[in-house]
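Scroll down for the structure; my scribbles are underneath it.
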Amino acid sequence: MKDIIIKKVKSNMLLYTIALRFQRFCNRFKKSINGKNNIIRNNGILINVKYDIIGNNNVIEIGHGSILSDMQIYIRGNGHKLLIGKNCQYSGGDIWFEDKYCEVKIGDKTTIESAHIAITEPNKCIIIGEDCMLSSAIEFRTGDSHSILDNRTKKRINFAQSIQVGNHVWIGAHSIILKGVCIGNNCIIGTNSIVTKSVPPNSIAAGIPAKILKDNINWVRERIYEN
């Protein structure tokens, strides 16, 4: 039923405008935002989306035609940015910021069934390109949340690293993308994979840890029945 409603809203500009105004009105009573100079520029539609923000100078921008539903945007700290492009769909899960000056960017026309996107440690980013297709229960993690120390030096050895996903990437359900990974354009990540190393463009990678299974490929969203 929710999918039918979303399709009708997206295909009718009058319904879209009414829904946008209505959800802005409702969000006045649903937001949990504490701090100074936090900016939300929403040009999309939010359905059962919760803000939980404590910090200053954070920016959220949601592009025209994007629909977010059944999810949470959680921010702790200062100077974070969440940039969601035009005509995106994010249908469950959360986007989780900690520390300061982190950025999550999701490109135009990307669809996410559900995901936990967690970004920690200063000046790190998670970039997801345009026209990507993410299935359900996907995880992105720039860090390990806790510190691992070298016994000899007593210094930390597991600092966070940024993640980048190119354009037109298909990620299968229950996959985990870990710190420092770069996935090239037109790739496919198989279901239940744990990606610990970068994947070159036009490749299929799968497994625990994920390995390259095939190269020189591409994909389309449509199901093709003829050879």
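Count along the sequence shown starting at 1, add 19, and that's the number in our numbering.
In this text, a Cβ means the ideal position worked out from N, Cα and C, and glycines have one as well.
None of the values given here were measured: they were computed from a predicted structure.
Considered as a whole, the region 144-201 harbours 144-147, 157-160, 182-184 as its complete beta strand (DSSP E) runs of no fewer than 3 residues, in chain order. For Arg60, the uninterrupted beta strand (DSSP E) segment begins and ends at 58-61. Ile147 sits close to Thr129, with the two beta carbons spaced by under 8 Å. Between Ile190 and Ile202, the alpha-carbon positions lie close to 10 Å from each other.
Only residues of its own chain outside the window of five on either side were considered, and among them Asn75, Asn76 have a CB closer than 7 Å to the CB of Asn56, listed in chain order.
Secondary-structure assignment with DSSP links Arg95 through a beta bridge to Ile73.
Here Lys198 is buried. Its C-beta has 16 or more other C-beta atoms within 10 Å.
Excluding the 5 residues flanking it on each side, Ser85 has same chain C-beta neighbours closer than 8 Å at Asn62, Gly63, Ile64, Ile103, Gly104, Lys105, Asn106, Cys107, Gln108, Tyr109, in chain order. Contact annotation: the region 170-179 does not touch the region 203-214, with fewer than three C-beta pairs closer than 8 Å. The beta carbon of Leu87 is closer than 6 Å to those of Leu65, Val68, Tyr109 in its chain, skipping five residues each way along the sequence. Judged by their CB atoms, Cys121 and Cys151 are not nearer to each other than the 8 Å cut-off.
Straight through space, the alpha carbons of Arg242 and Ser166 are spaced by roughly 45 Å.
Shown here, Ile81 sits in a strand according to DSSP, grouped into three states. DSSP places Lys128 outside any beta strand (DSSP E), giving it a letter other than H or E. Inclusion of Ile236 and Ile223 in the CB contact set at 8 Å is warranted, their separation being smaller than that value. Judged by beta-carbon spacing, Glu132 lies beyond the 8 Å limit of Asn186, meaning their Cβ atoms are not closer than that value.
Asn211: not part of any beta strand (DSSP E); DSSP gives it neither H nor E.
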